[in-house]
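Student: The structure under discussion is supplied below as structure tokens; questions concerning it will follow.
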Amino acid sequence: MQQMPSQVRATLAGSPVKDLRALAREADKVLNSSRMPGPAVRVVGAADVQAIREDVIAATQRQRPTAGLCYYHARFGTRAKQCRPPCSFASGNGRADAH
Numbered sequence: 534m535q536q537m538p539s540q541v542r543a544t545l546a547g548s549p550v551k552d553l554r555a556l557a558r559e560a561d562k563v564l565n566s567s568r569m570p571g572p573a574v575r576v577v578g579a580a581d582v583q584a585i586r587e588d589v590i591a592a593t594q595r596q597r598p599t600a601g602l603c604y605y606h607a608r609f610g611t612r613a614k615q616c617r618p619p620c621s622f623a624s625g626n627g628r629a630d631a632h
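Under this note's numbering, the first residue of the sequence shown is numbered 534, with each subsequent residue one higher.
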């Protein structure tokens with residue numbers, strides 16, 4: 534009953550009929566006579582689907598650390614407070630820090 538459209542439920546709620554099969558027949562009559570519009574459907578072209586697919590892939594790909602840097606140095610550079618090996622971040626003295 535809960536999966537029926539609200540218009541059909543409202544009509545059947547006031548019905549004196551309690552037999553399930555009879556209620557189903559009444560529901561069918563209400564649906565057939567009401568000519569309710571079907572669900573709205575938008576046709577989507579293949580190009581639209583491909584564009585959406587590419588957007589999803591781009592949004593879900595993990596960003597990889599660049600040039601041997603750990604996540605923290607790739608993201609924050611000299612302001613990084615943490616480091617994870619292997620990391621080739623060069624400190625101010627020109628050599629790679631041994632983090």
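We put the CB at the ideal spot given by N, CA and C, even for glycine. These figures come from a predicted structure and were not determined experimentally.
Measure the alpha-carbon distance for Ala-613 versus Ile-590 and round it to whole angstroms.
Tutor: In the sequence shown, the residue the question calls residue 613 occupies position 80. In the sequence shown, the residue the question calls residue 590 occupies position 57. Cα to Cα, the separation comes out at about 29 Å.
Student: Report buried or exposed for Val-541, applying the criterion of at least 16 other Cβ atoms within 10 angstroms of its Cβ.
Tutor: The residue labelled residue 541 in the question sits at position 8 within the sequence shown. When all chains shown are included, Val-541 counts as buried.
Student: DSSP state of Ala-580, grouped into three classes?
Tutor: Along the sequence shown, one-based indexing puts residue 580 at 47. Ala-580: helix per DSSP, three-state reduction.
Student: Quick one: what does DSSP say Ala-623 is sitting in, helix, strand or coil?
Tutor: For the purposes of this step, residue 623 is identified with residue 90 of the sequence shown, where counting begins at 1. Three-state result, Ala-623: strand.
Student: Roughly how many angstroms lie between the CA atoms of Tyr-604 and Ala-579, to the nearest whole one?
Tutor: On the sequence shown, position 71 is the one that residue 604 refers to. On the sequence shown, position 46 is the one that residue 579 refers to. Approximately 37 Å between the Cα atoms of the pair.
Student: Note down, in chain order, each residue of its chain lying with its Cβ closer than 6 Å to the Cβ of Ala-629, except the 5 sequence neighbours on either side.
Tutor: Position 96 of the sequence shown holds residue 629. Caution is warranted here: a pLDDT of 45 is assigned to Ala-629, below 50, making its placement in the model unreliable, and the coordinate value is therefore given only provisionally. Hits under 6 Å: Ser-621 and Ala-623.
Student: State yes or no: is the beta carbon of Thr-593 nearer than 8 Å to at least one beta carbon in chain D?
Tutor: Of the protein chains in the structure, only one exists, and it is not chain D.
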